[in-house]
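Worksheet for the structure shown next.
Protein chains: 4
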Amino acid sequence: MDQWTIAGRTFTSRLMVGTGKYPSLTVMRDALAASGAEIVTVAVRRVNLDAREESLLAYIDLDKYFLLPNTAGCHTAEEAVRTARLARAAGLSNWVKLEVIPDDGTLLPDPVATVEAAEILVNEGFVVLPYTTDDHTVARRLLDVGCATIMPFGSAIGTGQGLPNPERLRRIIELVDGRVPVVIDAGIGAPSDASLAMELGADAVLVNTAIAKATDPVQMAQAMALGVQAGRFSYLSGRIPRTEVASPSSPEAGLIAKESAPTTARA
Amino acid sequence: MDQWTIAGRTFTSRLMVGTGKYPSLTVMRDALAASGAEIVTVAVRRVNLDAREESLLAYIDLDKYFLLPNTAGCHTAEEAVRTARLARAAGLSNWVKLEVIPDDGTLLPDPVATVEAAEILVNEGFVVLPYTTDDHTVARRLLDVGCATIMPFGSAIGTGQGLPNPERLRRIIELVDGRVPVVIDAGIGAPSDASLAMELGADAVLVNTAIAKATDPVQMAQAMALGVQAGRFSYLSGRIPRTEVASPSSPEAGLIAKESAPTTARA
Amino acid sequence: MDQWTIAGRTFTSRLMVGTGKYPSLTVMRDALAASGAEIVTVAVRRVNLDAREESLLAYIDLDKYFLLPNTAGCHTAEEAVRTARLARAAGLSNWVKLEVIPDDGTLLPDPVATVEAAEILVNEGFVVLPYTTDDHTVARRLLDVGCATIMPFGSAIGTGQGLPNPERLRRIIELVDGRVPVVIDAGIGAPSDASLAMELGADAVLVNTAIAKATDPVQMAQAMALGVQAGRFSYLSGRIPRTEVASPSSPEAGLIAKESAPTTARA
Amino acid sequence: MDQWTIAGRTFTSRLMVGTGKYPSLTVMRDALAASGAEIVTVAVRRVNLDAREESLLAYIDLDKYFLLPNTAGCHTAEEAVRTARLARAAGLSNWVKLEVIPDDGTLLPDPVATVEAAEILVNEGFVVLPYTTDDHTVARRLLDVGCATIMPFGSAIGTGQGLPNPERLRRIIELVDGRVPVVIDAGIGAPSDASLAMELGADAVLVNTAIAKATDPVQMAQAMALGVQAGRFSYLSGRIPRTEVASPSSPEAGLIAKESAPTTARA
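Line by line, the protein sequences give chains A, B, C and D. Number 971 in the numbering used here belongs to position 186 of the first sequence; there are no gaps in the numbering. Number 969 in the numbering used here belongs to position 184 of the second sequence; there are no gaps in the numbering. Number 857 in the numbering used here belongs to position 72 of the third sequence; there are no gaps in the numbering. Number 1041 in the numbering used here belongs to position 256 of the fourth sequence; there are no gaps in the numbering.
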């Protein structure tokens, strides 16, 4: 069976999903189900840590999903560290999807602060899954400080631009070389993007906006699940190389030839 | 049920497959099955019209698949027309996937000859499915002469370059506007390409080399089927727009807020 | 001296310019001068063939510029042929920049009609410079019927999209292989596009909208001239290859080394 | 006159050049002259600080060029800081092009270490010109610590890949908003890349490999100078927008019309 592992915990689905931006919590619940996801991320600041029953968490079956708290909304390393600690203290999790995003306009992560916060949290025993850009050297630093995954973006959050720089992602995947999972997070707009991420050799993808803000979030969740599986199968199947010119043909003399072996350039 | 129709004939699968370049005919047979395809294209010149039992056709269950003869290997309009007539005369089909490819090096179609041959064949009562480039004006001409589909390439045959010009394809789909199906044919290298084609609004895709020459053709056939379905679901689900900047965020004052509605920029 | 030749006529400037869309005829005249162009194209239908003194032609110094009539506005092969004949009959020229553009919305050329009209005009003794798409097989047909240049577009007229498919252009240049000049026509939006066209090995470029509709057409004309020259020099100078990875470095032991030969990866 | 200023020092040429990888020092000297550059960067570790007469510096006319020492070859912030101090102590300069490149294989800069070293050096009174990736948040940090320029890459050093992500660069230029110059450094392979960088609004570009390793470095230096000037002029001239569809045409009734104003879609 084709499984993958983060920090000793094994998963089958390679599609992680978020919980923001849905038109309603019931739609969110149905989309989560349609996605087949096992890991669901939720902003710590959206969780009512004192009284969960009336909150977002009431719509997420914790027997079914593995809850991954994230530090969305944190502008600095300090805020992110404090938020992770709060979540753990409240019994939520010692796992954290680390996001340090200084600017609400661009929603781009701060590599310097992310590395800094990651190091602190790893040293405090957290399982840290950092969201980052596609910067190669930053990915290496995050790996070096002991992060449990590397989560580079495809493009900026919510833009739906997909993976305009697949080469940068491919090289991060090469760099990490299986030591931890690489999860492509942010920018995915359609299943073709999710499939491409998996074709490059990513271990998983995380999708939020593209599902939540689709006209039909539930069907789009299913589309993303299919796209991820398609890409994973493709990766395992050994795709053909990209070539500049057409594949060499084997022209034949006769128009209607008697033959049984497939030797033509195309049939 | 989500179906589509060519010349009055209805199909459910949106993945058409070819029969060339497989490592063996048994692998081909298994890959056809894994693809879920209903339409299978085969070069007329590879069919032994006199004695089919020993040929390629012995490996294609004609009760299960709709056989679409193609004119692969024809360099001129005349050759293509003659080949289509031969296939019909031999009882193969009055449908023809029209290919006029003058140069075995590039395997690029000849738009002028394709329009010319299409017009002749349509007038002779053939159901003509022409393979063409992504040229907008040529697509209009093929539509005008009465072709049953338009089949623009993603990129050149066998290159696996995918769809480097999605905008050109999108505009052909707009031009055709549902009058006949648009099938993206050639260039698809991985399921992400197949999914993208469907996301653009194509009615179907045709894949040959990317399946036949994959390391594991059978699993890749399944991957392509999933990619096509993912892209179709995405098209029906209304994907998010691509934007240059991050989606507007809704920054909140409190770090750990009590709330139940998903209003954050990301969760 | 770096010159080029169309149908026996030799030119030094590799920037051809159009005469449409300028804010005024005096700005046009100044932009032509700033461009350094030797060949200026003008729509036959804009020329007052009977009484030139009050027309557009009054602003184009015919001692200085070689006038190239074009068939802009012609929707069919017939119209284009008739327009070329009228221009020659009126003594304008036996050269013609052939444009057959059926649709005023997309302004995309019709390859089939262009080949048809080109063949007729060549047979009547015209020097034919056809505007076409980047279709490889169409380029070959235009070459085969005896055109004096091949003029593929970078992208659609007036879009300023530049050269999104340099590879297609490069292969047309390879195909033509110096037998006639290749001129990239349409789509150029900025000097980087013009330079890229020349770097690919084109013999010249034709620019109209990007100059005429710039905020400062005269300075933009100069910018385009510089871009063309930059690209030409680059082509002659042998550019470095594009590589996926950084160039191999030669790391050295000492930080401050005594050396005179440049051996470091970068300095 | 169109000039620009770094830390109070004014320049006219917008092409900065390096001194590494040339086939010989005499070729380097001639290429520097052909480039028209005013700023020449040289690796501190290549300079023989004790006895300059036999070194690289003998080939650089210090009355003509402004020498910009760089920290090429430094893998950590500490090495870079130490190298900058050595160069200043030896009387070379208090300006430094800061490069911290941990990996000789990829030659990618380390954003975290670059920010760290930049802060130290600015505080010690250096004029710091940091080489960085196209990361938006890192650019902001470098600006915040008081760097004299921001020098994002087009692509990795020596790859000649050009500017595959112009949008990222454009947004850094917007972010910096004229407070300091933005210089595109690394990845430029041909004048079209240099022109594009300037068209985006960069203040200057730095080119080394693409000149030094061209077949004809001297002519390529001239090509780059033309490309930079073309791009600068274009930026000042207000280029036309990129549009998806062709510019609206103004079809006219008559084929040969009497008119003097340029109103056609194209001429």
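Where is the CB? At the ideal position from N, CA and C, for every residue including glycine.
Would Pro951 of chain C and Leu985 of chain C qualify as a contact pair, given that the criterion is a beta-carbon distance under 9 Å?
For the purposes of this step, residue 951 of chain C is identified with residue 166 of the third sequence, where counting begins at 1. For the purposes of this step, residue 985 of chain C is identified with residue 200 of the third sequence, where counting begins at 1. Contact: yes.
Using a Cβ-Cβ distance cut-off of 9 Å, determine whether Gly860 of chain A contacts chain D.
What you label residue 860 of chain A is simply residue 75 of the first sequence in a count that begins at 1. Note on residue identity: the sequence assigns His, not Gly, to residue 860 of chain A. His860 of chain A does not count as touching chain D.
Given that Gln788 of chain C touches chain D, what residues does it touch there, using C-beta distances under 9 Å?
Within the third sequence, the letter at position 3 stands for residue 788 of chain C. Within 9 Å Cβ-Cβ: nothing; Gln788 of chain C doesn't reach chain D, min ~17 Å.
List, from N- to C-terminal side, the alpha helix (DSSP H) runs of 4 residues or more that fit wholly inside the stretch 843 to 929 of chain C.
With a minimum length of 4 residues, the continuous alpha helix (DSSP H) runs that stay inside the stretch 843 to 929 of chain C are 862 to 874, 896 to 908 and 921 to 929.
Report the option in D:Asp970, D:Cys932 and D:Ala971 whose CA atom is closest to the CA atom of Gly793 of chain D.
Walking along the fourth sequence from the start, residue 793 of chain D turns up at place 8. Among D:Asp970, D:Cys932 and D:Ala971, the Cα nearest to that of Gly793 of chain D belongs to D:Cys932.
For Asp978 of chain D, report the span of its beta strand (DSSP E) as first-last.
Counting from one through the fourth sequence, the residue named residue 978 of chain D turns up at place 193. Counting along the chain, Asp978 of chain D falls outside any beta strand (DSSP E), though it belongs to the alpha helix (DSSP H) covering Pro976 to Glu984.
Among residues of its own chain, excluding the 5 on either side of Pro1002 of chain C, which ones have a beta-carbon nearer than 6 Å to its beta-carbon?
By one-based count along the third sequence, residue 1002 of chain C stands at place 217. Cβ within range, chain order: Val812, Ala816 and Ile996.
Where Glu909 of chain D and Asn879 of chain D are concerned, what is the direct C-alpha to C-alpha distance, given to the nearest angstrom?
Here residue 909 of chain D is taken as the residue at index 124 of the fourth sequence, counted from 1. Here residue 879 of chain D is taken as the residue at index 94 of the fourth sequence, counted from 1. When rounded, the distance between both Cα atoms is 10 Å.
Using a Cβ cut-off of 9 Å (strictly closer), state whether Asp962 of chain D contacts chain A.
Looking up residue 962 of chain D in the fourth sequence gives position 177. Closer than 9 Å: no.
Sort A:Leu892, A:Val897 and A:Leu1011 by Cα distance to Ser977 of chain B and report the nearest one.
The residue you call residue 977 of chain B lines up with position 192 of the second sequence. Here the closest residue by C-alpha is A:Leu1011.
Assign Thr797 of chain D to one of three DSSP states: helix, strand, or coil.
Translated into positions along the fourth sequence, residue 797 of chain D becomes position 12. The answer is coil: DSSP assigns Thr797 of chain D none of H, G, I, E or B.
Say whether the stretch 867 to 882 of chain A touches the stretch 846 to 857 of chain A, bearing in mind that this needs 3 or more beta-carbon pairs closer than 8 Å, one atom from each stretch.
Verdict: yes, contact present.
Is Pro894 of chain B buried or exposed, if buried means 16 or more other CB atoms sit within 10 Å of its CB?
Counting from 1 along the second sequence, the entry for residue 894 of chain B is found at position 109. The residue is buried, with at least 16 neighbouring Cβ atoms inside 10 Å.
Are the stretch 919 to 931 of chain C and the stretch 894 to 904 of chain C touching by the rule of at least three beta carbon pairs closer than 8 Å?
The stretch 919 to 931 of chain C vs the stretch 894 to 904 of chain C: in contact.
Establish whether the CB of Phe1018 of chain A and some CB of chain B are separated by less than 9 Å.
Here the question's residue 1018 of chain A lines up with position 233 in the first sequence. For Phe1018 of chain A, the answer is yes, since a Cβ of chain B falls inside 9 Å of its Cβ.
Quick check on Asp1001 of chain D - is its C-beta less than 9 Å from some C-beta in chain A?
Within the fourth sequence, the letter at position 216 stands for residue 1001 of chain D. It does not: the Cβ of Asp1001 of chain D has no partner Cβ on chain A nearer than 9 Å.
Use the C-beta contact count for Thr804 of chain D: other C-beta atoms within 10 angstroms, 16 or more gives buried, fewer gives exposed.
Looking up residue 804 of chain D in the fourth sequence gives position 19. Its Cβ being crowded by 16 or more others within 10 Å, Thr804 of chain D is buried.
How many Å lie between Ala898 of chain C and Gly963 of chain B at the Cα?
Counting from 1 along the third sequence, the entry for residue 898 of chain C is found at position 113. Counting from 1 along the second sequence, the entry for residue 963 of chain B is found at position 178. Rounded to whole angstroms, Ala898 of chain C to Gly963 of chain B spans 26 Å at the Cα level.
In the DSSP assignment, find the beta strand (DSSP E) that holds Ile1025 of chain D and state where it starts and stops.
As a working mapping, residue 1025 of chain D is identified with position 240 in the fourth sequence. First-last for Ile1025 of chain D: undefined, no H or E at that position.
Check whether chain B comes within 9 Å of Thr918 of chain C, counting only Cβ atoms and requiring the distance to be less than that.
Numbered from 1 along the third sequence, position 133 holds the residue referred to as residue 918 of chain C. Cβ-Cβ to chain B under 9 Å: yes for Thr918 of chain C.
Buried or exposed: which applies to Thr797 of chain A, given that a residue is buried once 16 or more other Cβ atoms fall within 10 Å of its Cβ?
Reading the first sequence from its first residue, position 12 is the one you call residue 797 of chain A. It counts as exposed.
Please work out which residues of its chain come closer than 6 Å, Cβ to Cβ, to Tyr916 of chain C, disregarding the five sequence neighbours upstream and downstream, and give them in chain order.
Within the third sequence, numbered from 1, the residue matching residue 916 of chain C stands at position 131. If we look at Tyr916 of chain C and ignore the five residues flanking it on each side, its Cβ neighbours are Glu884, Pro894, Met936 and Asp970.
Against chain C, with Cβ distances strictly below 9 Å, would Asn950 of chain B count as a contact?
Translated into the one-based positions of the second sequence, residue 950 of chain B becomes position 165. Cβ-Cβ to chain C under 9 Å: yes for Asn950 of chain B.
Report buried or exposed for Gln788 of chain C, applying the criterion of at least 16 other Cβ atoms within 10 angstroms of its Cβ.
Taking the first residue of the third sequence as position 1, residue 788 of chain C is located at position 3. Exposed, since its Cβ has fewer than 16 Cβ neighbours within 10 Å.
Relative to the C-alpha of Glu959 of chain A, which residue among A:Ala924, A:Gly972 and A:Ile973 is closest?
Start at 1 with the first residue of the first sequence, and residue 959 of chain A comes out as number 174. With distances taken between Cα atoms, Glu959 of chain A lies closest to A:Ala924.
If Ala975 of chain A sits next to Arg1017 of chain B, beta carbons under 8 Å apart, how far is it from one beta carbon to the other, in whole angstroms?
For this step, residue 975 of chain A is matched to residue 190 along the first sequence. For this step, residue 1017 of chain B is matched to residue 232 along the second sequence. At roughly 11 Å, the Cβ-Cβ gap does not stay under 8 Å, so Ala975 of chain A and Arg1017 of chain B are not in contact.
Compute the distance between the beta-carbons of Gln1014 of chain D and Gly972 of chain D, then report whether it is under 9 Å.
If you number the fourth sequence from 1, residue 1014 of chain D lands on position 229. If you number the fourth sequence from 1, residue 972 of chain D lands on position 187. Result no, Cβ atoms of Gln1014 of chain D and Gly972 of chain D do not sit closer than 9 Å.
Tell me which residue opens and which closes the alpha helix (DSSP H) that Thr811 of chain D is part of.
Counted from its first residue, the fourth sequence places residue 811 of chain D at position 26. From DSSP, the alpha helix (DSSP H) with Thr811 of chain D extends over Leu810 to Ser820.
Could you tell me whether the Cβ of Pro1026 of chain D comes closer than 9 Å to any Cβ of chain C?
Taking the fourth sequence and counting its residues from 1, one reaches residue 1026 of chain D at position 241. Judged by the 9 Å Cβ criterion, Pro1026 of chain D is in contact with chain C.
Hey, does Pro1033 of chain B have any beta-carbon neighbour from chain C nearer than 9 Å?
As a first step, residue 1033 of chain B must be located in the second sequence, where it is residue number 248. The predicted model places Pro1033 of chain B with a pLDDT of 42, which falls under 50 and marks its position as unreliable; any figure quoted below should be read in that light. Not one chain C Cβ lies under 9 Å of Pro1033 of chain B.
Should Arg799 of chain B go down as buried or exposed, given a rule of 16 or more other Cβ atoms within 10 Å for buried?
For this step, residue 799 of chain B is matched to residue 14 along the second sequence. It is buried - the Cβ of Arg799 of chain B has at least 16 other Cβ atoms within 10 Å.
On the DSSP letters alone, give me the boundaries of the alpha helix (DSSP H) that Val961 of chain C sits inside.
Translated into positions along the third sequence, residue 961 of chain C becomes position 176. It spans Pro951 to Val961 - the alpha helix (DSSP H) in which Val961 of chain C sits, taken as one unbroken run.
Any residues in the stretch 865 to 894 of chain B with a beta carbon nearer than 8 Å to a beta carbon of chain C? Which ones, in chain order?
Taking 8 Å as the Cβ-Cβ cut-off against chain C, the residues of the stretch 865 to 894 of chain B that qualify are Pro887, Asp888, Thr891, Leu893 and Pro894.
Specify the secondary structure class of Thr944 of chain A as computed by DSSP and reduced to three states.
Residue numbering aside, residue 944 of chain A sits at position 159 when the first sequence is read from its first letter. Here Thr944 of chain A sits in coil by DSSP.
For Ile791 of chain D, does the three-state DSSP call read helix, strand or coil?
For this step, residue 791 of chain D is matched to residue 6 along the fourth sequence. Residue state, collapsed to three classes: strand.
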